[in-house]
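> Before anything else, here's the structure in question.
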Amino acid sequence: MGIGLGVLLAGQVFAAPADTTHGLAIAQGQFVLNGKPFRIIAGEMHYPRIPREYWRARLKMAKAMGLNTITTYVFWNAHEAEPGHYDFSGQNDVAEFIREAQQEGLYVILRPGPYVCSEWEFGGLPAWLLKDGDANVRSTDPKFMQPALRYLHRLGQELAPLQLNRGGNIIAVQVENEYGSFGHDDAYMTQVRQGLIDSGFNASLFYTSDSAQQPGSLPDLLKVINFGVGHAQEKFAQLHTWQPGGPYMAGEYWVGWFDHWGGPHHVSDPKQVAAELDWMLKQGYSVNFYMFHGGTSFGWMNGANWDDDNYQPDVTSYDYDSPLDESGRPTAKYAALRKVIIQDTGATPPPVPATPGTQAIRGIKLDESVSLWDTLPSPVASHELKTMEALGQAYGDILYRKQIAAPFTGQLQVNGLHDYAQIYVNGKRIGTLDRRLKQDHLPVKLAKGDTLDLLVQNDGRINFGEKLRTERKGILGGVSLQGTPLQDWQIYSLPFNDSDALHYAHAACRHAPCFYRASFDAPASGDAAADTFLDTAGLGKGFVWLNGHALGRTWKIGPQRTLYVPGVWLKPHDNQLIVLDLLVEGQPVLNTLKQPVLGTTVVKVP
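The structure is reproduced here in structure tokens:
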């Protein structure tokens, strides 16, 4: 089925599905669904950020708040972690997520990318795209476009059959994402749109979504606008200039905000959000809450911003101060928005489902350990420094080792540090450099024969703006002593994908960084699947795994102090917790809490 002639609106022609009687279309400046007027009241939530076992419960919560549509990105790097190897199973089964939404009476707006932003690692792009130093992502460069189109075609096999007029519930498909905040290349946008058509998504309404002053769109594409709390009237006025005659929709209404390591925890006023929603609905506008339920950027999947020449890595929690909190529990914001939706639509949603209790577990002793220094793999010898991507590594740490040939006292300079480095001489840590703080040098005193180690941690790739094009990890430039370059390195790739296979000893760790392991029970007071929150107080900087699941990062600088532990990932007995910590030695003891600790709050209006 091809793209039809479109729908005439005040001199504009929007590309539309050829069959406008079965699907979402546009008539007289309004959305129509199956030929009848339709107002989209949508909420964003993302399948990788929610344990699969909880998808259904979160969808029921969406329906109970009064939503008629779910919006989701599709995360390329989750589905093609290695070139040509696709995974749409288990947690990555996005087709099942969409089918479950349909079973709950919800339509779906699909945002397939290939770029998605979303405070997600590298904006959802696979890190292997950066292995070729000349590759130019989000452009017509064949080194980007060819794999991007292959991915879209493969995604079409999973999701194109789930469009509404083919028996599914997908009603609209976004072309790229917020391109107006990145570039203005119509040829690129045309190729992405054609890729979606060729992948079988041509039975749905296409659109673009932007918060920029200029839309990153094409003349015949529907446009929606993104903005935060307090900006509805201003931003809809802007959309009126882009799209006279309508229709009008908030593609992302940012009801909260995300957090950076070392910054505050952001919240917004539920009363203000509800009042602004009331105004939008009374104008007849459509809306998508970003986020309805944020969830968690499990594993290494947090992104980062580059703002005012500062690198700002995001925390693991994606709570976002959403109507549903990180663990899927309704908040005051949920109740306020539900009330407005009922009043303004006259519809009565299902009752709000009950949520199970949480549990607290005390005395998780990390009594097994092994030092990172005792687990190093074989190194790669290289005259020049290499990035993670050059070694085929996406996440984790990388270690650069150099034997010093002559005595030296002065400044050690590290150019292009991405992102956090601990410096060691003969195994003793002598200092730390942090990209967030623009630190790139420190004084050293070296003797002939000393071993210089630079252990560099990837804190998350930038996910927004032009900086992502060069967002490789490790050391991108060089290391020098008082201007003299150091060469001939031993480089250790440390992706940390086998931490459960290390040889742990029942002893305290005395040489950080350390891997720790603990076994504990989770009786949950009669509910074997109760959620909990791991309190990371007492840890330094690192990463946590539970029963094979990557929970995420820890960092004592906050604001996030607890990691969400889904009850479905726990067992009544013999749970295995593994912690990598760059700083802490000994035998730490951890607890879990019934409530999260996400930091000191501030009101944030983006």
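Just so you know, the sequence shown maps onto residues 23 to 628 in our numbering.
Every residue gets a Cβ at the ideal spot worked out from N, C-alpha and C, and that includes glycine.
1. Please state the DSSP three-state secondary structure of residue 396.
2. By a C-beta neighbour count over all protein chains shown, 10 Å radius and 16 as the cutoff for buried, is residue 250 buried or exposed?
3. If distances are taken between C-alpha atoms only, which option among 444, 430, 433, 101 comes closest to residue 422?
4. Drop a sphere of 10 angstroms on the beta-carbon of residue 384, count the other beta-carbons inside from all chains shown, and report buried for 16 or more, exposed for fewer.
5. Taking residue 599 and residue 386 to be in contact with their CB atoms under 8 Å, please state how far apart those CB atoms are, rounded to whole angstroms.
6. Are any of the Cβ atoms in chain B nearer than 8 Å to that of residue 418?
7. With respect to the beta strand (DSSP E) encompassing residue 93, which residues constitute its N-terminal and C-terminal limits?
8. Tell me whether residue 264 sits in a helix, a strand or coil according to DSSP, three-state version.
9. Please classify residue 471 as buried or exposed, where buried requires at least 16 other C-beta atoms within 10 Å of its C-beta.
10. Report the rounded CA-to-CA distance for residue 25 versus residue 538, giving the unit in angstroms.
11. Taking C-alpha atoms, which residue in 418, 127, 535 lies nearest to residue 450?
12. When you compare only the Cα positions, how much space is there between residue 196 and residue 202?
13. Mark residue 428 as exposed unless 16 or more other C-beta atoms lie within 10 angstroms of its C-beta, in which case mark it buried.
14. Who are the near neighbours of residue 206 in its chain, counting only those whose CB is closer than 8 Å to its CB and skipping five residues on each side?
15. Fully enclosed by the region 534 to 561, which beta strand (DSSP E) runs are 3 residues long or longer?
16. Ends of the alpha helix (DSSP H) at residue 125?
17. Answer yes if the region 136 to 155 comes into contact with the region 401 to 417, meaning at least three C-beta pairs across the two stretches below 8 Å, and no otherwise.
18. Mark residue 330 as exposed unless 16 or more other C-beta atoms lie within 10 angstroms of its C-beta, in which case mark it buried.
19. Enumerate in chain order the residues of its own chain whose CB-to-CB distance from residue 543 is below 6 Å, with the five nearest sequence positions on each side excluded.
20. Which stretch, first to last residue, makes up the beta strand (DSSP E) that contains residue 249?
21. Taking the alpha-carbon positions, what's the residue 642 to residue 557 distance?
22. Evaluate contact between the region 473 to 484 and the region 435 to 442, counting only Cβ atoms and requiring at least three cross-stretch pairs below 8 Å.
23. Using only alpha-carbon positions, find the residue among 313, 521, 71, 67 that is nearest to residue 567.
24. Roughly how many angstroms separate the alpha carbons of residue 495 and residue 510, rounded to a whole number?
25. State the start and end residues of the unbroken beta strand (DSSP E) segment that holds residue 193.
26. Could you tell me the distance, in whole angstroms, from the CA atom of residue 122 to the CA atom of residue 77?
27. Nearest to residue 452 by CA position, among 460, 464, 459, 458, is which residue?
28. Quick check on residue 23: does DSSP put it in helix, strand or coil?
29. Residue 519: buried (16+ other C-beta within 10 angstroms of its C-beta) or exposed?
30. Closest to residue 587 by C-alpha separation, out of 615, 324, 47, would be which residue?
31. By the DSSP assignment, the alpha helix (DSSP H) with residue 362 in it spans what residues?
32. When burial is assigned at 16 or more other CB atoms within 10 Å of the CB, is residue 35 buried or exposed?
33. Under three-state DSSP, which class holds residue 575?
34. Alpha carbon to alpha carbon, what distance is there between residue 92 and residue 191?
35. With DSSP as the reference, label residue 563 as helix, strand or coil.
36. Which same chain residues, not among the five before or five after residue 338, have their C-beta less than 6 Å away from its C-beta?
Reading it off the structure:
1. In this structure, DSSP gives residue 396 a helical state, which the three-state scheme calls helix.
2. By the 10 Å Cβ count, residue 250 comes out buried.
3. Measuring from the Cα of residue 422, the nearest candidate turns out to be 444.
4. Burial call: exposed.
5. That pair is a contact at about 6 Å.
6. The structure shown has no chain B; it contains just one protein chain.
7. Boundaries of the beta strand (DSSP E) around residue 93: 91 to 95.
8. DSSP places residue 264 in the helix class (H, G or I) of the three-state scheme.
9. With fewer than 16 other Cβ atoms within 10 Å, it is exposed.
10. Caution applies to residue 25, whose pLDDT of 35 falls short of 50 and renders its modelled position unreliable; the value that the coordinates give is listed next. Roughly 57 Å separates the two Cα atoms.
11. Taking residue 450 as reference, the option from 418, 127, 535 with the minimal CA-CA separation is 535.
12. So the alpha carbons of these two residues sit roughly 14 Å apart.
13. Around the Cβ of residue 428, a 10 Å sphere holds fewer than 16 other Cβ atoms; the residue is exposed.
14. 236, 238.
15. Taken in chain order, the complete beta strand (DSSP E) segments of 3 residues or longer contained in the region 534 to 561 are 536 to 542, 554 to 557.
16. Boundaries of the alpha helix (DSSP H) harbouring residue 125: 116 to 125, taken from the DSSP string.
17. The region 401 to 417 vs the region 136 to 155: in contact.
18. That one is exposed.
19. 595, listed in sequence order.
20. Residue 249 -> beta strand (DSSP E) spans 244 to 250.
21. Lying before the first or after the last residue shown, residue 642 is absent from the chain, which here runs from 23 to 628.
22. Cβ pair count under 8 Å is three or more, so yes.
23. Checking every option, the nearest Cα to that of residue 567 belongs to 521.
24. Note on geometry: alpha-carbon atoms of residue 495 and residue 510 lie some 19 Å from one another.
25. DSSP places residue 193 inside the beta strand (DSSP E), whose first and last residues are 192 to 196.
26. The alpha-carbon of residue 122 is positioned some 8 Å away from that of residue 77.
27. Taking only the C-alpha atoms, the option nearest residue 452 is 464.
28. Low local confidence applies: a pLDDT of 28 at residue 23 is under 50, so the model's placement there is unreliable, and no value is given.
29. Residue 519 should be labelled exposed.
30. Check the Cα spacing between residue 587 and each of 615, 324, 47: the tightest is with 615.
31. From DSSP, the alpha helix (DSSP H) with residue 362 extends over 354 to 367.
32. Any reading at residue 35 must be qualified, since the residue scores a pLDDT of 48, below 50, and its modelled position is unreliable; no value is offered.
33. Here residue 575 sits in strand by DSSP.
34. Using only the alpha carbons, I get a separation of about 10 Å.
35. Here residue 563 carries a strand assignment [DSSP, helix/strand/coil].
36. Within the same chain, residue 338 has close Cβ partners 319, 324, 574, 575.
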